[in-house]
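Numbering (my numbering), first residue to last: 6 to 189.
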């Protein structure tokens, strides 16, 4: 083991040139160690900043997902409340009553079609063909449909009829009903 006395004797035995070289060597080693420590420090800070940005982006995405979830949940609550108001709503009867009240002739409707959605609702829709009607009749029919929030238009196709100033309309209207699970 090296004692302090032997190091002291070694330093005192050095010439001026050798002492200056040794001092410069120690200073160079000190500067290299300092540079490596600073490099590691700033590299660690840059790495932490990058990870912080990634975490912040992930946080914003999660926040957007949660906000969208709350929005959808609120809409589902509103839809459930709307569906609970009139449990005996039948779209075919509503359609027939609306057509009769507007006195629209030359119409036909398909049978009721049901489709179960994974969100807990059954969509009931009917395909409607209105032939040789005026645009006024169509607008009145669409306004009548719009008065009931339970009914929505899925698609609407308007074409020119063979009769002047008349149109043919092919459309689909639908409503939602909650799924009723049967007991086994």
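Using N, Cα and C, we set each Cβ at its ideal position, and we do this for glycine too.
Query raised in the report: Between residue 183 and residue 82, what straight-line distance do the alpha-carbon atoms span, to the nearest angstrom?
Result: Cα atoms of residue 183 and residue 82: separation of roughly 12 Å, rounded to the nearest angstrom.
Query raised in the report: At a cut-off of 7 Å, is residue 145 close to the ligand MN when judged by its beta-carbon and the heavy atoms of the ligand?
Result: Among the components modelled here there is no ligand, and therefore nothing to report on the ligand MN.
Query - Cβ pair residue 109, residue 157 closer than 8 Å - result: With respect to the 8 Å criterion, residue 109 and residue 157 are not classified as neighbours on the basis of their beta carbons.
Requested in this report: Would you kindly report the start and end of the unbroken alpha helix (DSSP H) that includes residue 95?
Outcome: Counted as a single uninterrupted DSSP element, the stretch harbouring residue 95 is not any alpha helix (DSSP H), since DSSP gives it neither H nor E.
Query raised in the report: What are the residues that DSSP puts in a beta bridge with residue 121?
Result: Paired residue(s): 127.
Requested in this report: Provide the residue span of the beta strand (DSSP E) that contains residue 2, from first to last.
Outcome: Nothing in the structure corresponds to residue 2, since the chain is present only between 6 and 189.
Query raised in the report: What is the DSSP secondary structure of residue 174, reduced to helix, strand or coil?
Result: In the structure shown, residue 174 sits in a strand (DSSP, three-state: E or B).
Query - Span of the beta strand (DSSP E), counted from its first residue to its last, around residue 165 - result: Run containing residue 165: 156 to 165, per the beta strand (DSSP E) assignment.
Query raised in the report: Taking the Cβ atom as the reference point for each residue, do residue 135 and residue 173 lie within a distance shorter than 8 Å?
Result: Cβ distance < 8 Å, so residue 135 and residue 173 count as in contact.
Requested in this report: Please name the residue or residues paired with residue 114 in a DSSP beta bridge.
Outcome: In the DSSP assignment, residue 114 is bridged to 133.
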